[in-house]
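**Student:**
Protein chains in written order, with the numbering used here: chain A, 2 to 166; chain B, 20 to 820.
1) Quick one: grab the DSSP three-state call for residue 518 (chain B).
2) So which residues on chain B does residue 54 (chain A) lean against when the C-beta distance must stay under 9 Å?
3) Using a Cβ-Cβ cut-off of 6 Å (strictly less than) and excluding sequence neighbours within five positions of residue 20 (chain B), which residues of its own chain qualify?
4) With three or more beta-carbon pairs closer than 8 Å as the criterion, would you say the segment 730-742 of chain B touches the segment 802-809 of chain B?
5) Using a beta-carbon distance below 8 Å, is residue 29 (chain A) in contact with chain B?
6) Cα separation between residue 811 (chain B) and residue 817 (chain B)?
7) When the Cα atoms are used, what is the spatial distance from residue 166 (chain B) to residue 152 (chain B)?
8) Who are the Cβ neighbours of residue 541 (chain B) in its own chain at under 8 Å, not counting the five residues just before and after it?
9) Look at residue 353 (chain B) and residue 476 (chain B) and say whether their C-beta atoms are less than 8 Å apart.
10) Let me know if residue 14 (chain A) comes out buried or exposed under the rule of 16 or more other beta-carbons within 10 Å of its beta-carbon.
11) Quick one: is residue 29 (chain B) near chain A, going by C-beta distance under 8 Å?
12) Would you verify that the beta carbon of residue 40 (chain A) is, or is not, closer than 8 Å to some beta carbon of chain B?
13) Listing by chain order, which chain D residues have their CB less than 8 Å from the CB of residue 94 (chain A)?
14) Taking all protein chains shown into account, decide if residue 157 (chain A) is buried (16 or more other Cβ within 10 angstroms of its Cβ) or exposed.
15) Tell me, please, whether the segment 328-343 of chain B touches the segment 294-314 of chain B by the rule of three or more beta-carbon pairs shorter than 8 Å.
16) Out of curiosity, what's the CA-to-CA distance linking residue 157 (chain B) and residue 335 (chain B)?
17) Please list the partners that residue 469 (chain B) has in chain A, where partner means a Cβ-to-Cβ separation under 9 Å.
18) From this set, B:546, B:435, B:403, B:672, which residue's C-alpha is nearest residue 196 (chain B)'s C-alpha?
19) Just to make sure I have the definition right: I need the residues of chain B whose C-beta is within less than 7 Å of the C-beta of residue 139 (chain A). Which are they?
20) Would you mind working out which of B:276, B:686, B:290 sits nearest residue 300 (chain B), comparing C-alpha positions?
21) Are residue 774 (chain B) and residue 719 (chain B) close, meaning C-beta to C-beta below 8 Å?
22) For residue 674 (chain B) versus residue 692 (chain B), is the C-beta distance shorter than 8 Å?
23) So which residues on chain B does residue 57 (chain A) lean against when the C-beta distance must stay under 7 Å?
24) Heavy atom of the ligand FMN less than 7 Å from the Cβ of residue 725 (chain B), yes or no?
25) What are the start and end residues of the alpha helix (DSSP H) that includes residue 159 (chain B)?
26) Taking the alpha-carbon positions, what's the residue 2 (chain A) to residue 17 (chain A) distance?
27) Buried or exposed: where does residue 142 (chain A) fall if 16 or more other Cβ atoms within 10 Å of its Cβ makes it buried?
28) Relative to the C-alpha of residue 146 (chain A), which candidate in A:117, A:154, A:107 has its C-alpha closest?
29) Beta-carbon within less than 6 Å of residue 104 (chain B)'s beta-carbon, same chain only, minus the 5 sequence neighbours each way: which residues are those?
30) Using C-beta distances below 6 Å, list every residue in its chain close to residue 491 (chain B), excluding the 5 sequence neighbours before and after it, in chain order.
31) Beta-carbon of residue 151 (chain A) versus every beta-carbon of chain B: anything under 8 Å?
32) Assign residue 65 (chain A) to buried or exposed, taking buried as 16 or more other Cβ atoms, counted over all protein chains shown, within 10 Å of its Cβ.
33) Looking only at its own chain, which residues have a Cβ that is under 8 Å from the Cβ of residue 9 (chain B), when we skip the five neighbours before and after it?
34) At what residues does the alpha helix (DSSP H) containing residue 92 (chain A) begin and finish?
35) What does DSSP give as the partner residue(s) for residue 144 (chain A) in the beta ladder?
36) Grab the span of the beta strand (DSSP E) containing residue 204 (chain B) for me, first residue to last.
Written out as structure tokens, the structure reads:
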């Protein structure tokens with residue numbers, strides 16, 4: 002649990018992000034997304050609306066997708082967090098990322114990290130989703146560039162290629 | 020086509036060079052820029068649409084620990100002048116309002132603090148005493164004599180009005196058998212990219228140098244005016260591009276975002292980041308788009324020929340006028356669509372109200388005119404008892420008529436519009452859908468098949484910014500795009516771009532062109548983005564120009580490089596340059612491939628072995644080339660002929676099929692076919708992506724999106740819960756077809772295509788809904804076609820019967 006630091010309105014928290022352990026001090030009001038971006042320097046998670054609609058800031062907290070703009074960093078104390086930086090390994094893209102590249106599922110790339118993590122969560126529970134199930138899953142992530150079709154195709158292709166890992 | 024040149028890389032759907040960094044979270048967007056000592060800004064915004072600032076007290080905000088600078092409008096005006104604008108005379112505006120505010124959300128004060136949280140705390144501590152004024156909430160109240168004025172010094176809210184006439188409009192209307200009339204209402208929408216606008220400004224007080232990182236564009240045009248606004252010498256003021264999370268026209272200028280960051284950096288002596296939050300962006304981004312009321316008339320003959328077009332348009336510009344009449348100059352390039360219409364008259368009234376001001380949004384006003392024209396065409400078909408297909412066929416410009424000059428003076432370069440229409444109808448299987456529509460109608464279901472056949476002008480010329488004015492203040496005529504191509508010591512290619520990445524594919528385009536020209540692997544090309552002080556002239560993405568213009572710039576640079584390469588190779592091979600051929604990254608004597616040199620050999624000589632070069636050549640292997648508009652001519656003084664200003668013209672036919680539940684007003688897509696002719700395609704996959712994305716935005720405009728202001732000038736749709744962007748649940752799969760009619764004026768015959776989807780979709784979707792509801796007597800005259808509107812229209816139509 003978050004521990005109050007000496008005499009100030011801050012808390013100490015511990016969090017594992019993309020497999021790395023952190024022990025940090027934060028104000029209770031600091032959003033998880035600001036903590037990840039500004040305090041840990043993980044700027045791959047993007048801020049689109051700060052009111053939970055657009056999904057650009059989606060990260061996984063203990064395996065579940067979360068809008069990092071609607072969660073406080075202190076609420077993620079003790080959690081394991083995955084951001085887009087945790088998908089590629091040693092410079093090798095994750096199969097979902099490869100599929101997004103192959104099927105032109107991104108243009109400006111701003112929604113992409115949130116889309117990837119939403120898709121990652123979907124493939125954990127549904128190994129061969131139909132297009133309708135994919136559309137349902139990503140309906141909470143706005144994309145203003147692609148019209149979504151290529152994203153649906155890419156997620157389906159990643160699933161077929163066994164992109165769950 | 021038999022005579023199409025064989026190309027290896029132009030026309031190939033290679034994977035984009037841009038993508039790996041975007042996928043991995045490595046791209047650097049504006050909010051990822053961090054300078055040491057950097058402060059964060061927040062802005063106090065007006066709660067009133069129209070009010071005088073009687074008193075403003077920032078002392079409590081200044082006293083808050085962590086706050087470094089607080090500036091009011093008056094204080095800001097010492098550090099910076101009015102913000103840059105395009106042809107915006109006679110409306111002056113400041114980044115932070117001085118004395119009075121003119122829309123809800125206008126900046127009143129700005130704070131720089133150690134972080135955004137503290138900056139927002141400080142905003143809450145600023146006290147303002149307001150004197151609310153009567154609100155100009157709509158066009159009617161704006162034009163009422165004796166009513167309140169948005170800018171008192173103008174003496175009117177009608178900031179601009181003019182009629183332009185092209186050809187014998189009076190005569191053509193007198194000759195017509197019938198005049199088709201519509202009154203139409205296009206809603207205020209905006210690009211709403213996923214990333215808001217932002218800037219980091221770093222002012223070095225002793226050297227008086229300012230560096231600005233921003234997700235803007237056009238810094239070849241705008242850096243100098245920004246330097247003037249922020250009172251920095253132009254050669255010490257630099258704009259650095261960053262990756263941009265979508266723009267669609269909304270981020271061309273960012274005059275206030277950049278200026279506010281600059282003011283706060285001057286005030287604090289520290290780098291300052293200002294990021295709009297989403298509420299800032301929706302209410303005060305200065306990037307709302309067209310908000311128009313139309314009276315439109317099409318003069319036709321009894322057998323369905325179009326003679327003349329008369330358009331009366333009133334545009335609610337909001338509180339300022341930063342882009343002048345650009346969005347009305349834009350559509351004059353294609354105002355008569357793909358049809359042979361002999362004359363046209365436009366009357367424009369630009370009106371100021373207490374709302375956020377306009378910028379451009381994908382289509383830049385031409386998508387609005389496409390909707391107006393296609394509504395008239397379908398209405399003409401209904402009134403004449405013709406089918407929408409037949410009435411179009413009768414009026415489409417024929418392939419042998421190109422280049423075709425339209426009444427306004429612009430040219431269409433090439434096209435085969437009937438071919439596009441035929442392919443679209445084949446793909447959708449129109450006959451089958453008409454049968455299905457009749458069958459389901461009998462079962463009480465409402466199916467609509469929409470058709471829109473529209474132009475997509477591309478590659479703008481700057482004259483559209485100013486030709487509405489009788490005496491333009493700054494009649495710019497350059498729309499350049501420069502690149503520098505460097506072949507390094509090992510023979511590898513690096514390209515410097517002078518425009519930002521906006522979500523399109525500039526890196527992929529230049530790599531494909533270099534691959535085509537030199538036979539290299541495009542994935543090996545490295546691309547850099549230059550800041551404004553290092554940059555060659557460039558206008559950047561906009562007006563569907565970038566692919567064409569980059570191709571022109573890179574082929575130009577390639578010619579210069581090849582000339583040097585051939586001269587070096589000829590010297591080393593003891594051959595004549597004209598006997599040499601370049602293929603697959605190798606220069607060899609024609610017919611004797613073993614007598615050759617790789618580009619790496621030649622590059623090494625060019626960089627390291629001066630004595631191996633012909634005496635007249637200098638060391639190195641690089642070339643810059645600035646390509647300007649391929650075909651533009653000046654407007655006539657009386658503006659009866661606007662000249663060629665948007666002559667690279669793509670074309671598309673869209674056929675959406677919808678089903679409407681008349682009890683709930685829900686619109687469901689059963690199919691959507693889009694056929695585009697964008698000339699020679701550079702990268703078909705990227706093109707399809709642009710088309711599908713544009714259609715999604717067009718569906719948003721047609722069915723969901725609208726900025727709603729109430730009578731007090733308050734924005735009622737100021738969050739993404741209320742301003743509805745289409746999601747994956749609403750946007751259907753689009754079936755896309757292509758025809759390729761090359762442009763005679765551009766490299767490889769390319770045409771621009773970035774706006775095509777949104778150019779056509781609102782018209783096509785509106786016509787589909789109209790087709791579905793026509794049996795009920797409903798007339799679709801207003802967008803967006805929301806469920807509540809459909810239900811209301813159906814009830815009203817039923818009550819009339």
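Virtual Cβ for every residue (Gly too), placed ideally from N, Cα, C.
**Tutor:** Result, derived from the coordinates:
1) For the purposes of this step, residue 518 (chain B) is identified with residue 499 of the second chain, where counting begins at 1. Three-state DSSP puts residue 518 (chain B) in coil, outside helix and strand.
2) The count along the first chain starts at 1 and reaches residue 54 (chain A) at position 53. Simply 297, 738, 739, 740, 744.
3) One-based indexing of the second chain puts residue 20 (chain B) at position 1. Low local confidence applies: a pLDDT of 42 at residue 20 (chain B) is under 50, so the model's placement there is unreliable, with the coordinate-based value given in what follows. Cβ neighbours of residue 20 (chain B) beyond the five flanking positions: none.
4) no
5) Residue mapping note: residue 29 (chain A) aligns to position 28 of the first chain, counting from 1. False, the Cβ-Cβ gap to chain B never drops below 8 Å.
6) Walking along the second chain from the start, residue 811 (chain B) turns up at place 792. Walking along the second chain from the start, residue 817 (chain B) turns up at place 798. Answer to the nearest angstrom: the Cα atoms are 10 Å apart.
7) Sequence index remark: in the second chain, residue 166 (chain B) carries index 147 (1-based). Sequence index remark: in the second chain, residue 152 (chain B) carries index 133 (1-based). C-alpha separation (whole angstroms): 11 Å.
8) By 1-based counting over the second chain, the position of residue 541 (chain B) is 522. So the list reads 28, 33, 36, 527, 530, 531, 533, 534, once near-sequence residues are dropped.
9) Your numbering for residue 353 (chain B) matches position 334 in the second chain. Your numbering for residue 476 (chain B) matches position 457 in the second chain. Against a cut-off of 8 Å, the Cβ pair of residue 476 (chain B) and residue 353 (chain B) comes out as a contact.
10) Along the first chain, one-based indexing puts residue 14 (chain A) at 13. So residue 14 (chain A) counts as buried.
11) Translated into the one-based positions of the second chain, residue 29 (chain B) becomes position 10. So, not an interface residue.
12) In the first chain, counting from the first residue as 1, residue 40 (chain A) sits at position 39. Output row for residue 40 (chain A): interface = no.
13) Annotation note: the requested chain D is absent from the structure, which comprises protein chains A and B.
14) The residue you call residue 157 (chain A) lines up with position 156 of the first chain. Answer is buried; the Cβ neighbour count reaches 16.
15) yes
16) Looking up residue 157 (chain B) in the second chain gives position 138. Looking up residue 335 (chain B) in the second chain gives position 316. Computed Cα separation, rounded: 7 Å.
17) Within the second chain, residue 469 (chain B) is the residue found at index 450, counting from 1. The contacting residues do not exist; residue 469 (chain B) stays about 17 Å from chain A at best.
18) Position 177 of the second chain, counting from 1, holds the residue named residue 196 (chain B). Comparing Cα-Cα distances from residue 196 (chain B) to each of B:546, B:435, B:403, B:672, the minimum goes to B:403.
19) In the first chain, residue 139 (chain A) corresponds to position 138, counting from 1. 747, listed in chain order.
20) Here residue 300 (chain B) refers to the residue found at position 281 when the second chain is read from its first residue. Of the listed residues, the one whose Cα sits closest to residue 300 (chain B) is B:276.
21) Numbered from 1 along the second chain, position 755 holds the residue referred to as residue 774 (chain B). Numbered from 1 along the second chain, position 700 holds the residue referred to as residue 719 (chain B). It is not a contact, given that the beta carbons lie outside the stated cut-off.
22) Residue 674 (chain B) sits at position 655 when you count from the first residue of the second chain. Residue 692 (chain B) sits at position 673 when you count from the first residue of the second chain. The answer is yes: Cβ separation under 8 Å.
23) Taking the first residue of the first chain as position 1, residue 57 (chain A) is located at position 56. Per Cβ cutoff of 7 Å: 213.
24) Ligands are entirely absent from the displayed structure, and the ligand FMN is therefore not among its contents.
25) Position 140 of the second chain holds residue 159 (chain B). Counting along the chain, the alpha helix (DSSP H) containing residue 159 (chain B) begins and ends at 158-162.
26) Within the first chain, numbered from 1, the residue matching residue 2 (chain A) stands at position 1. Within the first chain, numbered from 1, the residue matching residue 17 (chain A) stands at position 16. Reliability of the predicted coordinates at residue 2 (chain A) is poor, the pLDDT of 49 falling under 50, and no value is obtained from them.
27) As a first step, residue 142 (chain A) is located in the first chain; it is residue number 141 there, counting from the start. Answer is buried; the Cβ neighbour count reaches 16.
28) For the purposes of this step, residue 146 (chain A) is taken as the residue at position 145 of the first chain. Measuring from the Cα of residue 146 (chain A), the nearest candidate turns out to be A:107.
29) Position 85 of the second chain, counted from the first residue, corresponds to residue 104 (chain B). 341, listed in sequence order.
30) Working through the second chain from its first residue, we reach residue 491 (chain B) at position 472. For residue 491 (chain B), where only same-chain residues beyond five positions count, the Cβ hits under 6 Å are 485.
31) The sequence position of residue 151 (chain A) within the first chain is 150, counting from 1. Residue 151 (chain A) counts as touching chain B.
32) For the purposes of this step, residue 65 (chain A) is taken as residue 64 along the first chain, with counting starting at 1. Flag for residue 65 (chain A) reads exposed.
33) Since the displayed chain B opens at 20 and closes at 820, residue 9 (chain B) lies outside it and no answer follows.
34) Numbered from 1 along the first chain, position 91 holds the residue referred to as residue 92 (chain A). Where residue 92 (chain A) is concerned, there is no enclosing alpha helix (DSSP H), given that its DSSP letter is neither H nor E.
35) Walking along the first chain from the start, residue 144 (chain A) turns up at place 143. Paired residues: none, contrary to the question.
36) For this step, residue 204 (chain B) is matched to residue 185 along the second chain. Note, residue 204 (chain B): beta strand (DSSP E), 197-205.
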